[in-house]
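Here's the structure we're looking at; comments come further down.
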Amino acid sequence: MSATEWLKKNWMYVALGLIVAGWLTYSWFSRYVLEDAFISFRYSRNLVRGEGLVYNPGERAEGYTNLLWVLSVAGGMALGLEAETTAVILGLVAGALVIILVWSILRRLTQGNPYLPLLGAALAALYFPLSYHSGSGLETAAFCALLLAAVHSYLRAPPKRFPWTGLWLGLLALTRTEGLAYTLFFAAHHIWMRRRKTETGADWRDLIPALGLPLAQFVFRLFYYGLLLPLPAIVKAGGSLAHILGGAKFVFNWMWGTPIILLAFLAAYGVIRRWKRPEPGLLLLLLAAVVGFTVYAGGDMMGYYRFLVPAYLILVVLAVGGVEDLFDALAPRRLFPVLLSVFLALWTAAWFTVTAATRVRHPRELLTPASSGWLHDNVPPGTLLASGATGRLAYFSDLPFIDYYGLCTVEVALHGERTDEFRPGHEVGDSEAVFRRQPGLIVIRPLPGTRDQIEDWIAGRRATTDYTWAELPFAQQLVLSDPRMADYQALVVDVTERVEGGPREGESYYMGFYARRGELVDLLVARGAVPVEPAKPEGFFDPRGE
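Per the numbering used here, the sequence shown starts with residue 14, numbered consecutively.
Here you go:
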């Protein structure tokens, strides 16, 4: 067979390969590991060190909701890879599988049309949040890949001998805590299909891994941590009216004025035309689950709509089905759906390219490892550190840590006060739990900044460069307003020399923190820290209302 003949026969695989290769190249060079990923990395590192699945050695606190991801990163670290490298590689592989699975699902659903599956793959690859979160060090892409793998095997009838659908769903539940709920949606759809005498790629055997794996994790959690839920699920519990309204606004902002609007209309058209087929009902259930969870949780503090990436992918599958139905309905005028497809692809590319171009990494994010490195090199090992920066600061400093948000500290999560204000993930605080353990260091964000910014912060003239004192997270207000802060000395240290490369290399940046008065302050001053006397914050109030 000549090269020309081979290319004619396999051109769609070549096109798919080019889409995936282009996406991988772009995603690799634009990768950026997010703050929260380092929480998982700290658990992975302690596991590899033989300390167990713990945040602090000797303290059993389940501050993660992504067990499978923590174990996967630990596997890479056990082989000698850095946690960041392992997580990015795993995330990009998962993201590439997402694009391939979208193509494969559509190839099955579009009745042999070779162009429409490639349109779906292109729309997935052009979605900047998929690229962003695949290289973020978090489990988002893996969650999407497992969900689509379950859809792929479920829509393949009759069921295979091995319960693949159940396995993917079981692993989904281990990847994120809410993943268990998706088994219920698949089961509900399967019962509905049975009543309609329609086969799916699942049967009762799929319940064994789908429920067995999360059950095993639950038993492990109960005996190892002594709790029914992980700490983030306790601290971040939503469901209030404020959460629901905030989550609804979050979803609205995700859709409004973006290509997702057109995808939603095309998806609705496809669902109406294909209602008697099995896939619209399943995909609508899953879409409702993703959006419903996001609304219930009140949205997300992170950028680029992490929780809604699966919703976009589901909409792509449904929308491409709608495009195919337009082809059928407008057979004499097929130019219209062709132009619509081209317009959708170009709009998606233009919108999310602009979105990607507007991403600016704040210098504080780049300097956090430098600040953590200074603490690691200059603070005596074993010094207890209290902060809400549970990611990079905790990972790179490698010091024992109290999380005053309660995400990784049991006492705060279970017994902390909760504010009535809407602050997703930052609604719990407990200064009593913090000061009871007498930490040597207390860090209040921002970590690094200019000397003026840090001194303004410590003096209480402003919380950050952008927010007022009243807009600080509740837990930080509790700690800063506690009279026991008088036992701590505010210090500032230059960390500029630890930042290499980039446009800000020549600028001076400092880190501000509080150290327990006495020998620790004397030691840190001898190592370059400069004492700063804090003043009472303007507009000071007691956040507890006492």
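Note that the Cβ used here is the ideal one computed from N, Cα and C, for glycine as well.
Residue pairing of residue 69 in beta bridges, as defined by DSSP: 72. Residue 137 sits in a helix when the DSSP states are folded into three classes. Residue pairing of residue 501 in beta bridges, as defined by DSSP: 529. In this structure, DSSP gives residue 218 a helical state, which the three-state scheme calls helix.
Under the three-state reduction of DSSP, residue 462 is assigned to strand. Residue 339 and residue 332 have their C-alpha atoms roughly 10 Å apart. Judged by DSSP in its simplified three-state form, residue 454 adopts strand. Here residue 307 is buried: its Cβ has 16 or more other Cβ atoms, across all protein chains shown, within 10 Å. Looking at the backbone, the Cα of residue 208 and that of residue 301 are separated by about 22 Å.
Here residue 428 is exposed: its Cβ has fewer than 16 other Cβ atoms, across all protein chains shown, within 10 Å.
Ranking 119, 148, 269 by CA distance to the CA of residue 283 puts 119 first. In this structure the region 143-163 touches the region 173-185; the number of beta carbon pairs closer than 8 Å is three or more. By the Cβ-count criterion, residue 83 is buried, with 16 or more other Cβ atoms from all chains shown falling within 10 Å of its own Cβ. For residue 87 and residue 61, the gap between their C-alpha atoms comes out near 6 Å. Shortest Cα-Cα distance from residue 534 to any of 136, 431, 165, 396 involves 396. Boundaries of the alpha helix (DSSP H) around residue 91: 80-91. Cβ-Cβ distances below 7 Å link residue 101 to 44, 46, 148, 150 in the same chain, with the five nearest sequence neighbours on each side left out; the list follows chain order. DSSP, reduced to helix, strand and coil, places residue 418 outside both helices and strands of the structure shown, so it counts as coil. The DSSP-derived three-state label of residue 117 is helix. Distances from the CA of residue 433 to each of 252, 327, 39, 423 were compared; the closest alpha carbon is that of 252. Within its own chain, the residues whose Cβ lies closer than 7 Å to the Cβ of residue 152, once the five positions on either side in sequence are excluded, are 79, 82, 188, 189, listed in chain order. Bridge pairing for residue 523: 462, 507 [DSSP]. Under the criterion of beta carbons closer than 8 Å, residue 504 and residue 487 do not qualify as touching, at roughly 25 Å. By the 16-neighbour rule on beta-carbons within 10 angstroms, residue 305 is exposed. Pairing residue 115 with residue 133 gives a Cβ-Cβ distance under 8 Å. Residue pairing by DSSP places residue 398 opposite 414, 454 in a beta bridge. Checking the DSSP bridge columns, you'll see residue 441 partnered with 431.
Cβ atoms of residue 530 and residue 502 come within 8 Å of each other, at about 5 Å. Burial is judged here by how many other beta carbons sit within 10 angstroms of a residue's own beta carbon; residue 532 has fewer than 16 and is exposed. The Cβ neighbour count for residue 249, taken over all protein chains shown within 10 Å, is at least 16; the residue is labelled buried.
Between residue 448 and residue 405, the C-beta gap is not smaller than 8 Å, which leaves the two residues out of contact. Between residue 245 and residue 76 the beta-carbon gap is near 7 Å, inside 8 Å, which marks them as a contact.
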